[in-house]
Structure formats: structure tokens, C-alpha cells
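Mapping the sequence shown onto full-length UniProt numbering, position 14 (from 1) lands on 14, and the numbers just tick up by one. All C-beta atoms in this analysis are idealised placements derived from N, C-alpha and C, irrespective of residue type, glycine included. These notes concern the structure reproduced below.
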Amino acid sequence: LRMAFVVMPSITELRKFYIKNQKEFTFKGSKLILEIIHCKIFTSPFQFYKFLMKLMNFDVTNDGSSVVFIQNISSQEAKDLRENSKKIGSVRNYMPLLNKVFIEFTSIYDADGLGVWYSRLNRGLDHRVFRLKTPQGSATSSRQRRGESTSAHIKDYVA
Numbered sequence: 001l002r003m004a005f006v007v008m009p010s011i012t013e014l015r016k017f018y019i020k021n022q023k024e025f026t027f028k029g030s031k032l033i034l035e036i037i038h039c040k041i042f043t044s045p046f047q048f049y050k051f052l053m054k055l056m057n058f059d060v061t062n063d064g065s066s067v068v069f070i071q072n073i074s075s076q077e078a079k080d081l082r083e084n085s086k087k088i089g090s091v092r093n094y095m096p097l098l099n100k101v102f103i104e105f106t107s108i109y110d111a112d113g114l115g116v117w118y119s120r121l122n123r124g125l126d127h128r129v130f131r132l133k134t135p136q137g138s139a140t141s142s143r144q145r146r147g148e149s150t151s152a153h154i155k156d157y158v159a
């Protein structure tokens with residue numbers, strides 16, 4: 001399933017855009033079906049993420065503490081990150097957008113593993129990595145439940 005989202009500043013701007021471009025919409029050779037969704041402005045990346053997941057009938061089961069949001073990432077880096085994040089922890093959902101990525105892990109500790117991995121990279125990246133909510137309380141990562149060390153898996157991915 002491939003989807004594209006465009007956020008317009010106002011209904012008026014959307015109407016102007018739609019009237020001006022009434023022909024078929026295409027992106028990279030694929031025909032697009034335009035569906036207009038009117039909703040309130042999102043005040044946080046987590047609200048935007050929850051909205052997109054609701055559109056795709058995907059339940060967000062946490063408060064954002066196991067969701068990592070990365071900005072300023074190239075499409076190739078996002079592909080590489082998809083593979084590496086699978087090795088770091090239990091990925092529940094991976095959602096790349098144009099130059100952003102949302103990664104939802106099954107636990108807060110698996111999300112921590114991604115932060116540890118990024119902190120150990122010794123090359124300069126322009127990425128901005130955010131945890132959508134600071135975790136509170138305690139939980140057990142899937143690696144800890146299996147008796148594995150996150151550090152042992154991370155060392156393989158340090159550049």
C-alpha cells in the first residue's frame with residue numbers, strides 16, 4: 001500500500017490547487033487518487049502519527065514513549081534504517097515519509113536501543129532523532145525477555 005499526504009495551509013489554498021490541477025494527479029509515474037480530509041491542525045508529531053495510523057486502521061497502543069521520530073533523513077538512509085532497526089529491537093511499525101521516519105517499537109527499551117545505536121555512530125549525520133514522549137515507569141525489552149544484550153547486537157552496526 002502506497003499513500004501520499006499533502007498538508008495545505010487552508011481550505012482556500014486547497015481549493016485553488018484542486019481547481020488549477022483538475023487533470024489526473026501523478027507522482028513518479030503512478031496515478032494518484034485525491035482524497036480530501038479536513039481535520040484540525042496537528043500540534044505534535046505524535047498527533048500526526050496517530051492520525052495517519054487511524055487512516056490506515058492501525059492501532060497505536062502506547063502514549064508515544066516507544067515511538068521514535070527522525071527528521072532530515074534521505075530515502076537511502078531510511079531504507080538502511082529499516083533493516084538496522086529490525087536488528088536493534090522489536091519494530092511494531094515503520095513509517096517512512098518524505099524526509100522523516102516514524103518507528104514504533106513494542107517496548108520503550110527497544111526504542112532506547114535505537115537511541116543507543118545512533119549515539120554510537122561515529123559519522124556525522126544530519127538527522128534529528130526524537131522520542132515522542134519521555135518514558136516513565138519500567139518495562140522489559142523483548143531482548144531482555146529473551147536474555148539477550150542490546151549492546152551485543154548494536155556493535156555490528158556501528159560505522
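Asked	Found
For the beta strand (DSSP E) containing E104, name the first residue and the last one.	100 to 105
Check K31 in the structure and name its three-state DSSP category.	strand
Determine the direct distance from the alpha carbon of I37 to that of G113, and round the result to whole angstroms.	36 Å
Tell me M95's beta-bridge partners as DSSP assigns them.	F102
In three-state DSSP terms, what is F130?	strand
Going by C-alpha distance, which of F48, M8, D126 is nearest L132?	F48
Under three-state DSSP, which class holds G88?	Sequence inspection shows Ile at residue 88; the Gly mentioned does not correspond to that position. DSSP places I88 in helix when its eight states are reduced to three.
Mind checking if F48 is an interface residue toward chain B, Cβ cutoff 9 Å exclusive?	Absent here is chain B; the protein component of the structure consists of one chain.
At what residues does the beta strand (DSSP E) containing Q71 begin and finish?	67 to 71
Helix, strand or coil for F51 per DSSP?	helix
Across which residues does DSSP place F25 in a beta bridge pair?	L32
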